[in-house]
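In UniProt numbering, the protein residues as written are 1 to 382.
A virtual CB, placed ideally from N, CA and C, is assigned to each residue, including glycine.
Since the structure is predicted, the reported quantities are computational estimates derived from the model, not experimental observations.
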Ligand code: FES
Ligand SMILES: [Fe+2]
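Take a look at the structure:
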């Protein structure tokens, strides 16, 4: 080996964990599950069935029938049970076989796995725990969202998309200040992370990018944004997101959540509600939420494009202006080990405020260059 080869940084791609995170995972808005049919959800390396009983309570069971392996999500809801399409065995929401119409008796131990569910603020959550325990006091709960289901706010605008990579990629975004400029065309001027217990937060202040989103005359001018975003557990982020316009603010809540399908695939979802205000009443607020939704969707597509082509990397080579990637990953690891193996470094409070001086100066310059180019192009009629 030559010495140059020795000096080259080698990527350790590692392998995605085969285990899935412990915690609450949002499966989406709850209402669409209540249409009287069983729904199939591929998650955690298996298949689940979600169905509503006669009272409208949502239940989640393993989709594969314990009789001969039929897929309950292809069956029908009969009363309070889901009926298998193969031989009509009926399974109740608690996992017990409630009836086998053609049999003299139900085998007394006929029971399948029922998953713990939570319905809150218009969303359905499922509890996943490789240790097989119900959520306890030491586990993260999902905080209430004040504006959800409130008349003062718009309805949820919800998006779902599938991404073919391990879900750690999206969690890495919490600390990744620079990608907001290069991938999302925003302009962070303040960036801080705090990790503590099962919560990982990102506080970001941004200014508008005139070069990427030129201000159209007779529309309100966007000045910047304020985003206070936290993951509560491994997969559910609530972002209090304020867009500042000349003369007024638009308050919104953005949910950024996901659940793993397999080690190399996850379902990414985002939901938005917008607070009604003097400027945005009724329909105008719904429209604003939809417009934000389209905007946020673009942002996620930009991330997805990167993830599609990048490699997994266990040993990122960082500069000072990169956030605390390694500390964040230690925080994230707590959800992939048994509770007894959670170490203080995974949960102790950690704070990091970025010195953005150099980044802001460099980005300001880049914006000016882009604006200059745009002016030249306009003058040349390009
Ligand atoms: S496999 Fe489900 S009833 Fe037979
Ligand atoms: Fe991103």
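{"Asked": "Tell me whether residue 144 is buried or exposed, calling it buried when 16 or more other Cβ atoms sit within 10 Å of its Cβ.", "Found": "exposed"}
{"Asked": "Going by other Cβ atoms of all chains shown within 10 Å of its Cβ, with 16 needed for buried, is residue 58 buried or exposed?", "Found": "buried"}
{"Asked": "How far does the alpha helix (DSSP H) with residue 179 in it extend, from its first residue to its last?", "Found": "177–182"}
{"Asked": "Run through the DSSP bridge pairs and tell me what residue 206 is partnered with.", "Found": "188, 225"}
{"Asked": "Output the distance between the C-alpha atoms of residue 177 and residue 64, rounded to the nearest integer angstrom.", "Found": "43 Å"}
{"Asked": "So if DSSP puts residue 217 in a beta bridge, which residue, or which two residues, is it bridged to?", "Found": "Its beta-bridge partners do not exist; DSSP assigns none."}
{"Asked": "Scan the stretch 298–337 and note each continuous alpha helix (DSSP H) run of 4 residues or more that stays entirely inside, going in chain order.", "Found": "325–333"}
{"Asked": "Could you tell me which residues DSSP pairs with residue 273 in its beta bridges?", "Found": "253"}
{"Asked": "Taking the alpha helix (DSSP H) that residue 172 belongs to, which residues open and close that run?", "Found": "168–172"}
{"Asked": "So, for residue 117: in the same chain, excluding its five sequence neighbours on each side, which residues have a beta-carbon less than 8 Å away from its beta-carbon?", "Found": "58, 59, 60, 124, 125, 126, 127"}
{"Asked": "Just curious, the alpha helix (DSSP H) that residue 90 is in, first and last residue?", "Found": "Looking at the DSSP string, residue 90 is not in any alpha helix (DSSP H); the run it does join, the beta strand (DSSP E), is 90–92."}
{"Asked": "If you follow the beta strand (DSSP E) that residue 120 is part of, which residue opens it and which one closes it?", "Found": "117–120"}
{"Asked": "Does DSSP put residue 1 in a helix, in a strand, or in coil?", "Found": "The predicted model places residue 1 with a pLDDT of 48, which falls under 50 and marks its position as unreliable, so this point remains unresolved."}
{"Asked": "Using the rule of at least 16 other Cβ atoms within 10 Å of the residue's Cβ for burial, across every protein chain shown, is residue 346 buried or exposed?", "Found": "buried"}
{"Asked": "In whole angstroms, what separates the C-alpha of residue 319 from that of residue 150?", "Found": "44 Å"}
{"Asked": "Under a three-way DSSP split, which group does residue 86 fall into?", "Found": "coil"}
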